[in-house]
Structure formats: structure tokens, C-alpha cells
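Chemist: When you line the sequence shown up against UniProt numbering, it's residues 1 to 434, in that order. Got a structure here, written out as C-alpha cells. Questions coming.
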Amino acid sequence: MALVMGGTGEKRGSAVLDGSAAARAAARLSRSGIPCRLGARPDPAGGYAARYTVRVRELTAEWIKHDQIGGGSTRHEPEHDSGRYADGLHRRLEKAAVRSLYTLGAEEGEVMIAVRPGRRYVVEELRFQGSPGRAVMSAKADPAGRGSRLSPGGAEAGASAGADAGAGAGAGAGAGNLLLGMDPEFILMRDNGEVVHASAFMERGGLAGSDAVRFRGEVIYPLAELRPDPKPQPKELLCELQRAMREAYALITDRTLSWRAGALPYTDFPLGGHIHFSGVPLTLSLLQVLDNYLALPLALLEDPQGRVRRPRYGFLGDFRRQPYGGFEYRTLPSFLISPFVTKLSLAIAYLAAKYSDLMPARPLNAERYHRAYYEGDKAALRECVPGWHRDLSALPEYPRFACEIEKALSYIESGRTWDESRDIRPLWNIPSMP
Numbered sequence: 001m002a003l004v005m006g007g008t009g010e011k012r013g014s015a016v017l018d019g020s021a022a023a024r025a026a027a028r029l030s031r032s033g034i035p036c037r038l039g040a041r042p043d044p045a046g047g048y049a050a051r052y053t054v055r056v057r058e059l060t061a062e063w064i065k066h067d068q069i070g071g072g073s074t075r076h077e078p079e080h081d082s083g084r085y086a087d088g089l090h091r092r093l094e095k096a097a098v099r100s101l102y103t104l105g106a107e108e109g110e111v112m113i114a115v116r117p118g119r120r121y122v123v124e125e126l127r128f129q130g131s132p133g134r135a136v137m138s139a140k141a142d143p144a145g146r147g148s149r150l151s152p153g154g155a156e157a158g159a160s161a162g163a164d165a166g167a168g169a170g171a172g173a174g175a176g177n178l179l180l181g182m183d184p185e186f187i188l189m190r191d192n193g194e195v196v197h198a199s200a201f202m203e204r205g206g207l208a209g210s211d212a213v214r215f216r217g218e219v220i221y222p223l224a225e226l227r228p229d230p231k232p233q234p235k236e237l238l239c240e241l242q243r244a245m246r247e248a249y250a251l252i253t254d255r256t257l258s259w260r261a262g263a264l265p266y267t268d269f270p271l272g273g274h275i276h277f278s279g280v281p282l283t284l285s286l287l288q289v290l291d292n293y294l295a296l297p298l299a300l301l302e303d304p305q306g307r308v309r310r311p312r313y314g315f316l317g318d319f320r321r322q323p324y325g326g327f328e329y330r331t332l333p334s335f336l337i338s339p340f341v342t343k344l345s346l347a348i349a350y351l352a353a354k355y356s357d358l359m360p361a362r363p364l365n366a367e368r369y370h371r372a373y374y375e376g377d378k379a380a381l382r383e384c385v386p387g388w389h390r391d392l393s394a395l396p397e398y399p400r401f402a403c404e405i406e407k408a409l410s411y412i413e414s415g416r417t418w419d420e421s422r423d424i425r426p427l428w429n430i431p432s433m434p
């Protein structure tokens, strides 16, 4: 849906992020893998760039305005029936704008994006209502006092004022009909380190199938993906996962191939462990809970090489809405690396969906820990663990998952990490011999 406009009234009442706030925002965006030139003049050497303004509210683009030469503009809105943008470019712009604001802890604002040939984009300007500097993450607690408990030594690492607006409601309040799903990936490897494409054994669809990646300009299907039926409880979902594994075992007839999981068992193919949620509202607050209580401990447990996956993959707050009305959280590596890591991931995902309003800590809002996450600084991230454990152990259903969480605490404190060079089949009781 498009509307031709002559003015730029949407700017009224908003303030441009500039000065030191823009510098802090640019550093955070760049670290997160988002190209930006905040406060910089247009680069003539960069060639022609079409410019768009994207108005974001509650993780959705309300409208996208194409700013034309001469002062006119064309405004595009989502399709009425689907709530989605029909044009692929507009969907990419929405994703870039939502990701940019989420990275800064803001639920609402306008993002100015320059689009160049080859699907390249650059964030050039950010506008917020009121004082724009408050939208940029800092090491200070928000006015409600949320988010300081995970930070060590009394230092506060709370959510911004923008994030706080969504935190008060708490995603857990709407989790009465919760369903959890997943689609973790693994790859097949020979003893000499060569990858064998999963498509040699598996169709694209099904309970166990192959998954696509774009590699050197070509779409190939090297990854194996498990798609168990969703369930309301982690234990039930784990049973469905084991059923999907048995299906994969029946399809992958070459028993000499090892199954590898984790973040980056093979350099060219980063792996993901996506967790699906339905029956719980998607909010900025819930995404922050998943980042701080789930992605953070997994970053401490992962093979050190796994950090190379970030920020192109595994960036904080990565999500995708799904046609069934829910969403998938896409930040995690493939937790198929072991049953323990899978159980831990599902347990915390469940607790986050049920009790996010009781999980207020946001250490990743602070520059120190945000930088540590992307740089793989486990020593810094480990400072957050005592508070992480304290918050989880206070939750109503913690005793059900205490075994996995206590085990994770022990591993993290000892510096133990998973090994992505090993075959995961023996850990899952999958036969590795004919």
C-alpha cells in the first residue's frame, strides 16, 4: 500500500540523535553488525543511494517513507490482511530498522536508511520522541530500578527508558497457552573434515530435512534440520526431538558420517538453534530476557571458536515472526551439541516465556558486557553469572529445572566449554556403526 506525499510532517516532535549519544549508538550498532554513518555527511564516493525513513513501534514498521529528490515522498504501509509488507525491499528495511532500535533498547523511533546497489544499506540517522540520548544503552539503571541485579559489585546495567516501557507488562502474563517448538541444525562430516550435504539423504521438508544456505552466490542445502512437533512443556518437546533424531538416523544411511553441532563446527556453515514460541506476546522485554538469561550463558558454554559466528549470525535480539502467530528466537547456536545443553536451553526458554516479568536483569545493556558478548570475552561475561543464577533460582518453577541450571553454573564457573569436533550421536544414543 503506497501513498504519495508532498511534505515531511512525520518529523514533527522528534529529535535527531547526535553528538556523544550518536557516537555511543554508532559504536553499539557497528559492534552488532549494523552498518551506520550517524552524524556523517552523505558520502559522494558511495554513489547514488535511495533514502528511506522507517517508523518503528513495538518491533514493527508502522510505515516506510521513500524520501525523493526534490522534497516529495511516497509512504508505504503493511498489507491490511497480512500485516506484512508485500515488497521484499520494504521487508528488509523493516528488519534493519527494528534491529537498529532494539540494539539501542528503544521500542519506538524513526530510522533513516540509505540503500545502495547489491542489497547494501547504511543507517544514517535516528530520531526519537523526547530526549533522544535516553534511548542509547548505558551503564545506568532505569528509573524503575530494573536490571541491576545481574551486574557485579553493585554496578548497575539496567534497561533504557525505552526498554522499560515494555518491561512493566511482562511477557509471562500472556503465557497461559504456551507452546514451544524448535528447529536446530547439524552438519554431516567425514573423518577428513569434508562436509557432506544433508540434501544427499534428506528432502527439504519433513520432521527431519535439509536446510538452505546461500554460499558464494548459490543456494545449497548442506544443513540437516530437526523440526519436532511443538509442545507446552520442555520435557515433552525433548521427546519429540528424539523422535525427529530417529527419523534423521533412518534417512542418513551413511553411518561413517559424524553429526556435528554447536556454533561453528565447520567454518563456512554457522549453525543455529532456533526456539519457537506461541501463546506469548512478542515484546522487546521478552527478547531482552532471552538475550540476558539464555544467550549469555550459552556464550559462556560454547566452544571459543563460536564467537566468529557473531555478529552476522547469533546477534542479540534476532527474531522472526511466524505465520502461526508466534515467533522464533534465532540468536542461539545449535544446542544439539549435547542433551544437557538442549535441556538447559529449553528450560530457560520456558521460564522466560512464563516469568519474564520476574527476570529484570539486563547486563547486556551495559557496554562492557555487550562488547564482551560480541568479542567472546568470557571472563567479563562470567561476572554476570552469580546474579543470573540468583534470579533463576527465585522463580516459582525453578526446582523442576534446577539440575540443568546448577550443572550449567558449575561448568561456567570452572571454564568448561563444549567441544564442536565431536560426533553428537553417542551423546544422544544414536548408533554410529552399521
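All C-beta atoms, glycine included, are put in the ideal place defined by N, C-alpha and C.
(1) Considering just the uninterrupted stretch of the beta strand (DSSP E) at Gly209, what are its terminal residues?
(2) From the DSSP output, in three-state form, read off Ile252 for me.
(3) My understanding is that Arg260 touches Phe215, with C-beta atoms under 8 Å, so please give their C-beta distance in whole angstroms.
(4) For Tyr398, which residues from the same chain have a beta carbon less than 7 Å from its beta carbon, with the 5 sequence-adjacent residues on both sides left out?
(5) According to the neighbour-count rule (16 or more other Cβ atoms, all chains shown, within 10 Å of its Cβ), is Pro184 buried or exposed?
(6) Where does Met182 land, buried or exposed, given buried means 16+ other C-beta within 10 angstroms?
(7) CA-CA distance, Gly325 and Val308?
(8) For Gly415, I'd like the list of residues in its chain whose CB is within less than 7 Å of its CB, leaving aside the five on either flank, ordered along the chain.
(9) Ignore the nearest five residues each way along the sequence and tell me which others in Met359's own chain have a CB closer than 7 Å to its CB.
(10) Output the distance between the C-alpha atoms of Ser14 and Lys378, rounded to the nearest integer angstrom.
(11) Using a Cβ-Cβ cut-off of 7 Å (strictly less than) and excluding sequence neighbours within five positions of Ala25, which residues of its own chain qualify?
(12) Give me whichever residues DSSP pairs with Ala15 in a beta bridge.
(13) Between the C-alpha atoms of Ile405 and Arg330, what's the straight-line distance to the nearest angstrom?
(14) Kindly provide the ranges of any alpha helix (DSSP H) runs that are 4 or more residues long and lie completely inside the segment 84–112, ordered along the chain.
(15) Apply the 10 Å Cβ neighbour rule to Ile69 and answer buried if 16 or more other Cβ atoms are within range, or exposed otherwise.
(16) So for Val289, helix, strand or coil by DSSP?
(17) How far does the alpha helix (DSSP H) with Thr342 in it reach, from first residue to last?
(18) Taking the C-alpha atoms as reference points, what is the distance between Asp357 and Ser199?
(19) What does DSSP give as the partner residue(s) for Val56 in the beta ladder?
(20) Does DSSP put Val195 in a helix, in a strand, or in coil?
(21) Less than 8 Å between CB atoms is the rule here; does Gln305 satisfy it with respect to chain B?
(22) Taking 8 Å as the limit between beta carbons, can you name the residues of its chain near Arg84, skipping five residues before and five after?
(23) Can you look up Asp67 in the DSSP assignment and give me helix, strand or coil?
(24) Which same chain residues end up closer than 7 Å to Arg55 when comparing Cβ atoms and leaving out the 5 residues on each side of it in sequence?
(25) Give the single residue among Tyr48, Glu107 and Gly71 whose Cα lies nearest to the Cα of Tyr121.
(26) For Pro297 and Ile412, which I take to be in contact (beta-carbon distance under 8 Å), what is that distance rounded to the nearest angstrom?
(27) Compute the Euclidean distance between the alpha carbons of Gln322 and Met245, then round it to the nearest angstrom.
(28) For Ala212, which residues from the same chain have a beta carbon less than 6 Å from its beta carbon, with the 5 sequence-adjacent residues on both sides left out?
(29) So, Ile348 versus Gly262, is the Cβ gap smaller than 8 Å?
(30) How is Pro234 classed by DSSP in three states: helix, strand or coil?
(31) Among Glu383, Ala106, Arg75 and Leu29, which residue has its Cα nearest to the Cα of Leu284?
(32) When DSSP labels each residue in this structure, what does Gly241 get in the three-state scheme?
(33) Which whole-angstrom value describes the C-beta separation of Lys231 and Leu282, a residue pair presumed to lie in contact below a C-beta threshold of 8 Å?
(34) Can you name the residues that DSSP bridges to Gly262?
(35) Measure the alpha-carbon distance for Arg119 versus Glu58 and round it to whole angstroms.
(36) Skipping 5 residues on each side, what residues in its chain have a beta carbon closer than 6 Å to that of Phe315?
Modeler: This is what the structure gives:
(1) Ala208 to Phe215
(2) coil
(3) Between Phe215 and Arg260 the Cβ distance is about 17 Å, and since that is not below 8 Å, they are no contact.
(4) Leu392
(5) buried
(6) buried
(7) 32 Å
(8) none
(9) Val289, Tyr293, Ala352 and Asp391
(10) 39 Å
(11) Leu17, Leu38, Leu104, Leu126 and Val136
(12) Phe128
(13) 21 Å
(14) 88–103
(15) exposed
(16) helix
(17) Pro339 to Tyr355
(18) 42 Å
(19) Ala61 and Gly109
(20) strand
(21) The structure shown contains no chain B; it holds only a single protein chain.
(22) Pro78 and Arg91
(23) strand
(24) Glu10, Ala61, Glu62, Trp63 and Glu110
(25) Tyr48
(26) 7 Å
(27) 24 Å
(28) Val219 and Tyr221
(29) no
(30) helix
(31) Ala106
(32) Looking at the sequence shown, residue 241 is not Gly but Leu. Looking at Leu241 - three-state DSSP - the assignment turns out to be helix.
(33) Between Leu282 and Lys231 the Cβ distance is about 20 Å, and since that is not below 8 Å, they are no contact.
(34) Ser334
(35) 25 Å
(36) Ser32 and Gly33
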